[in-house]
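Peer 1: The structure is given below, and queries will be raised subsequently.
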C-alpha cells in the first residue's frame, strides 16, 4: 500500500509535460490521462486499507458480542458497547420516609405506668419536668423549655427542622427551644390515649434586647418524643420504624 501511495504522489507531482500515462493491458498499450490515473490509484489504495482494517478487528470483542445471551428487548447481554443497561438511578434504594405516628396514640398500660414512662423519656432526652405547670394526677406533664440549638450560623436551619418559618419571619435567629406537653387520657383500666404537643420558640437578639418568638411546630418534636415513649413502653418501635440508636 505504501508503494501505491508513492506512485500516486509521483503522478501528482510529475512534470506538466507528461499529459498522459501509459498502462499495459491485454489489448496492448493504453494511454490514460494523468488525472484519471491518480484517482484510480487512490481508489485502489482506499480499498486495500479498508480490507486490512476489517482483518485486524479485535477478535475478543467480536466473541463477546456474538456469545452474549439474553438479547431480549431492552437487554444487551454481555455486549456493553451500546451504552444500554440499568442507567442512572435517581434515589432508588434510599431509606424510605417512615409513616407518621398517630397523635394521640393508644398504648396498652395503666395511666400511672405511662406517667412514669413519660418522666423517664423526658430525663433521657435531657428535658426537665416543670412541677409548677404539670398535673400528674390529671395525666398532664409539661417540661421546662429545652434549648436545642445556639448560634446565629446554625440556629435558623435547626429551628426550621422543628417549625415552619415563613419568609416574612426571617429575622436572624440565634437560638431555638421547645417545650413538650404530654396528656395521658385513660380509656379503661389497661389502656390510654397519649397526646404530645410541642411549643417551639426562636430567639432574636436585636438592639432592644433578646426576644423569644413562638413559631408553629411542624410536628417533628412531637413525633420524636412519641416514638421514644412507645419504645420505652412496648420495647419495640412504632410500626414502620426501627429502633433509635
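Residue numbers (the numbering used here): 293 to 537.
Even glycine gets a Cβ: it sits at the ideal position worked out from N, Cα and C.
#1: Determine the direct distance from the alpha carbon of residue 501 to that of residue 518, and round the result to whole angstroms.
#2: Between residue 457 and residue 468, is the Cβ-Cβ spacing less than 8 angstroms?
#3: What does the alpha-carbon distance come out to for the pair residue 389 and residue 534?
#4: Please classify residue 514 as buried or exposed, where buried requires at least 16 neighbouring CB atoms within 10 angstroms.
#5: By Cβ distance below 6 angstroms, which residues in the same chain neighbour residue 466 in space, the five residues on each side in sequence not counted?
#6: How many whole angstroms separate the CB atoms of residue 409 and residue 524, which I take to be in contact at a CB cut-off of 8 angstroms?
#7: Verify whether the separation of the beta carbon atoms of residue 402 and residue 520 is less than 8 angstroms.
#8: If we require 4 or more residues per run, which alpha helix (DSSP H) segments fall completely within the stretch 413-456?
#9: Could you spell out where the alpha helix (DSSP H) holding residue 528 opens and where it closes?
#10: Looking at the structure shown, is residue 459 part of a helix, part of a strand, or coil, going by DSSP?
#11: Can you look up residue 469 in the DSSP assignment and give me helix, strand or coil?
#12: Near residue 233, what residues of its chain come up, given a Cβ to Cβ distance below 8 angstroms and the 5 sequence neighbours on each side ignored?
#13: Which stretch, first to last residue, makes up the beta strand (DSSP E) that contains residue 393?
#14: Measuring straight from C-alpha to C-alpha, what distance separates residue 475 and residue 395?
#15: Identify which residue in 427, 464, 433, 481 has its Cα closest to the Cα of residue 419.
#16: Since residue 483 and residue 399 should fall inside the 8 angstroms C-beta cutoff, what is the C-beta to C-beta distance between them, to a whole number of angstroms?
#17: Return the chain-ordered list of same chain residues with a C-beta closer than 6 angstroms to the C-beta of residue 478, the five sequence neighbours on each side being excluded.
#18: Looking at the structure shown, is residue 519 part of a helix, part of a strand, or coil, going by DSSP?
#19: Given this structure, state the Cα-to-Cα distance separating residue 428 from residue 415, to the nearest angstrom.
Peer 2: Put simply:
#1: Position 226 of the chain shown, counted from the start, is the residue given in the question as residue 518. Position 209 of the chain shown, counted from the start, is the residue given in the question as residue 501. For residue 518 and residue 501, the distance between alpha carbons rounds to 35 angstroms.
#2: The sequence position of residue 457 within the chain shown is 165, counting from 1. The sequence position of residue 468 within the chain shown is 176, counting from 1. At least 8 angstroms separates the beta-carbon of residue 457 from that of residue 468.
#3: Numbered from its first residue, the chain shown carries residue 389 at position 97. Numbered from its first residue, the chain shown carries residue 534 at position 242. About 12 angstroms.
#4: Looking up residue 514 in the chain shown gives position 222. Within a 10 Å sphere around the beta-carbon of residue 514 sit 16 or more other beta-carbons, which makes this residue buried.
#5: As a position in the chain shown, residue 466 is number 174, starting the count at 1. Result list for residue 466: 444, 447, 495, 497, in chain order.
#6: By 1-based counting over the chain shown, the position of residue 409 is 117. By 1-based counting over the chain shown, the position of residue 524 is 232. Contact between residue 409 and residue 524 holds: their C-beta atoms lie close to 5 angstroms from each other, under 8 angstroms.
#7: On the chain shown, position 110 is the one that residue 402 refers to. On the chain shown, position 228 is the one that residue 520 refers to. For residue 402 and residue 520, no; Cβs fall outside 8 angstroms.
#8: Entirely contained in the stretch 413-456, the alpha helix (DSSP H) runs reaching 4 residues are, in chain order, 447-454.
#9: By one-based count along the chain shown, residue 528 stands at place 236. Following the DSSP letters along the chain, one finds residue 528 in no alpha helix (DSSP H), marked with neither H nor E.
#10: In the chain shown, the residue the question calls residue 459 occupies position 167. In the three-state DSSP reduction, residue 459 falls in the helix class (H, G or I).
#11: If you number the chain shown from 1, residue 469 lands on position 177. Correct three-state label for residue 469: strand.
#12: Lying outside 293 to 537, the shown extent of the chain, residue 233 is not represented and no answer is given.
#13: To locate residue 393, count along the chain shown from 1; it is residue 101. It is not in any beta strand (DSSP E) - residue 393 carries neither H nor E in the DSSP assignment.
#14: Within the chain shown, the letter at position 183 stands for residue 475. Within the chain shown, the letter at position 103 stands for residue 395. The C-alpha of residue 475 lies about 11 angstroms from the C-alpha of residue 395.
#15: By 1-based counting over the chain shown, the position of residue 419 is 127. Comparing C-alpha distances from residue 419 to each of 427, 464, 433, 481 shows the shortest one belongs to 433.
#16: The residue you call residue 483 lines up with position 191 of the chain shown. The residue you call residue 399 lines up with position 107 of the chain shown. About 7 angstroms separates the beta carbons of residue 483 and residue 399, which is inside the 8 angstroms limit, making them a contact pair.
#17: Counting from 1 along the chain shown, the entry for residue 478 is found at position 186. Result list for residue 478: 403, 484, in chain order.
#18: Here residue 519 corresponds to residue number 227 of the chain shown, with the count starting at 1. The answer is helix: DSSP assigns residue 519 an H, G or I state.
#19: The residue you call residue 428 lines up with position 136 of the chain shown. The residue you call residue 415 lines up with position 123 of the chain shown. Their Cα atoms are separated by approximately 16 angstroms.
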